[in-house]
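Below: one structure, written as C-alpha cells.
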Amino acid sequence: MLLKNELRGKFLERNIDKVCDRINHIGGFAHKLQPKRTQAGAYLEGEPFDYIVVMKDYKAVFDAKEVKGTKWHMVDKDIKQCNEMKKCKNAGFEAYFIFYFTGKVRVIDIDEIIEVLKSGKKTINLEIGKE
Numbered sequence: 080m081l082l083k084n085e086l087r088g089k090f091l092e093r094n095i096d097k098v099c100d101r102i103n104h105i106g107g108f109a110h111k112l113q114p115k116r117t118q119a120g121a122y123l124e125g126e127p128f129d130y131i132v133v134m135k136d137y138k139a140v141f142d143a144k145e146v147k148g149t150k151w152h153m154v155d156k157d158i159k160q161c162n163e164m165k166k167c168k169n170a171g172f173e174a175y176f177i178f179y180f181t182g183k184v185r186v187i188d189i190d191e192i193i194e195v196l197k198s199g200k201k202t203i204n205l206e207i208g209k210e
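The numbering of the sequence shown is the working numbering, which starts it at 80 and goes up by one.
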C-alpha cells in the first residue's frame, strides 16, 4: 500500500526534510531552497537546486526528483540546475541528484548527469547511479 505522502509525490522530500532537521539539530546546516516569488506569491524564478548541506567534514548540494516509472526526462530548468550544481562541485561540494523511481532510490553524481547530456541524451534511467 502506498503511503499518503507517496500519493502526493512528496515522499522523498519529506524524508530528506527529516534528515535536514537532524543535521541542524546536531550543529550542522541543512536547508531547502525555495523559488523566488513576488510578495503576492507569484512564481518568478526557480531555485538553483533543492538542498544545501554543510557540516564539519561534508558539504553538498543536491536536487530531489520523484519519478513515476524508471526514466526521468530533463527539461531546460533541469539543465540549468546541473550547471549550478557543477559550479558548487568545482568549489569543493558534493553535487548530485537523488531520484525516487517508484520505490527505488538512486543517487547520481552531477558528473554522471553531465556525461548523459554530453552524449546528446536528456533521459536519466534507473540503471545509472547508486542506491
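For every residue, glycine included, the Cβ atom is placed at its ideal position computed from N, Cα and C.
Since this is a predicted model, take the numbers as computed values, not measurements.
Exposed unless 16 or more other CB atoms sit within 10 angstroms - verdict on residue i
i	result
Y179	buried
E92	buried
I105	exposed
V154	exposed
D190	exposed
I158	exposed
Proximal residues to residue i (C-beta, below 7 Å), its chain only, five neighbours per side dropped
i	result
F176	F141, D142, K144, I187 and I192
N204	T149 and K150
K115	L123 and E124
M80	Low confidence applies to M80: its pLDDT is 39, below 50, so where it sits in the model is not reliable enough to give any reading.
R87	Note that R87 has pLDDT 47, beneath the 50 cutoff, so the model's placement of it is unreliable and the number below is only indicative. So no residue of the chain qualifies.
Element boundaries [beta strand (DSSP E), containing residue i]
i	result
K111	F108 to K111
For residue i, the residue or residues it bridges with in DSSP
i	result
V78	For the chain, the structure presents residues 80 to 210; residue 78 sits outside this window and is missing.
I177	A143 and V186
K115	E124
Contact set for residue i: own chain, Cβ-Cβ below 6 Å, skip 5 residues either direction
i	result
R185	F178 and G208
H110	I131
C167	V140 and A174
K169	Here residue 169 turns out to be Asn, not Lys, going by the sequence shown. The answer is none, since no qualifying residue turns up.
K138	F172
First and last residue of the uninterrupted alpha helix (DSSP H) at residue i
i	result
I207	That residue, I207, is in no alpha helix (DSSP H); it is neither H nor E in DSSP.
K150	Note, K150: premise wrong, no alpha helix (DSSP H); beta strand (DSSP E) at K150 to H152.
K168	D155 to N169
Own chain, CB closer than 8 Å to residue i, minus 5 neighbours either side, in chain order
i	result
V98	A109
L82	Because the pLDDT at L82 is just 47, under 50, the model does not fix this residue reliably, and the point stays unresolved.
V146	F178, Y179, F180 and T181
L196	M153, I158 and C161
Would the segment 146–164 and the segment 120–127 be scored as touching if the rule is three or more Cβ pairs under 8 Å? Between the segment 146–164 and the segment 120–127 there are three or more C-beta pairs closer than 8 Å, enough to call the two in contact.
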